[in-house]
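Notes for the one structure printed next.
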Amino acid sequence: MSALREWLRSQPSLTGTPPVFDTDRLPASPVTLFEEWIHQAAAAGVAEPHSATLATVDADGIPDARTLIVKDVDDRGWAFASTRSSAKGGQLAAQPAAALAFWWQPVMRAVRVRGSVCEASADDTAADLAARSEAARRDVAEGDWALWRIEATRVEFWQGSLDRRHTRVVYEPDGTTWRHTLLGGAA
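With the working numbering as the guide, the letters of the sequence shown map in order to residues 15 to 201.
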């Protein structure tokens, strides 16, 4: 066995402290549960709880991922921004679908969001760019900034457990509302 493999296998996992998660009292919307969880993560000292890994695919269907800051979450979706000329901008233009993954180790929680991606309105995009620091705006070419939203088709909330009996709840749209399902087993 390689030294790296031995080292990887020796590292502890699931070392956080999960808060109480009452699956009998779930909110109707995943946005509401996400807001509760991100605030609990911040209160527990999670650094940058609004950072997430965004996964897209390139023109050849090869997955790509990067960490970014989520700008807003509301009934319209999970918003993030970048330049259209970036790799993610080109990938989203060619294949407007993506996934976000949040991991908050101290509270042993993760959230996965996936769905179609659409560009926000010109007004929302302009407001997002204007809210950035002057240094952050300096190198953005006119018309290159974009604010995107993932319109979720699936949102999964995962809470780890020291006994490996993890709790998973999936929200999926059901017409104009959401339905949630408690899943069994680890993922």
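Glycine is no exception: its CB is placed at the ideal position from the N, C-alpha and C atoms.
Checklist entry - Residues in its own chain within less than 6 Å of residue 108 by CB, not counting five upstream and five downstream? => result 73
Next on the checklist: Rounded to the nearest angstrom, what separates residue 77 and residue 163 at their Cα positions?
Outcome noted: 19 Å
Item to check | Close Cβ partners of residue 86 (< 7 Å) along its chain, the five nearest in sequence each way excluded | outcome: 93
Checklist entry - From 187, 159, 154 and 127, pick the residue whose C-alpha is nearest to that of residue 138; which is it? => result 159
Next on the checklist: Rounded to whole angstroms, what is the Cα-Cα separation between residue 25 and residue 189?
Outcome noted: 44 Å
Item to check | Bridge partner(s) assigned by DSSP for residue 89 | outcome: Looking at the DSSP assignment, residue 89 forms no beta bridge with any residue, so it has no partner.
Next on the checklist: Could you check whether residue 171 and residue 125 sit closer than 7 Å to each other, using their CB atoms as the reference points?
Outcome noted: yes
Next on the checklist: If I measure Cβ to Cβ from residue 103 and keep anything under 7 Å in the same chain, skipping five residues before and after, which residues do I get?
Outcome noted: 96, 97 and 160
Item to check | Option nearest residue 177 by Cα separation, candidates 18, 21 and 27 | outcome: 27
Checklist entry - Helix or strand or just coil, what does DSSP make of residue 176? => result coil
Checklist entry - Exposed or buried, residue 200, counting other C-beta atoms within 10 Å across all chains shown (16 or more means buried)? => result With a pLDDT of only 48 at residue 200, under 50, the local geometry of the prediction cannot be trusted, and the value read off the model is given with reservation. Label assigned to residue 200: exposed.
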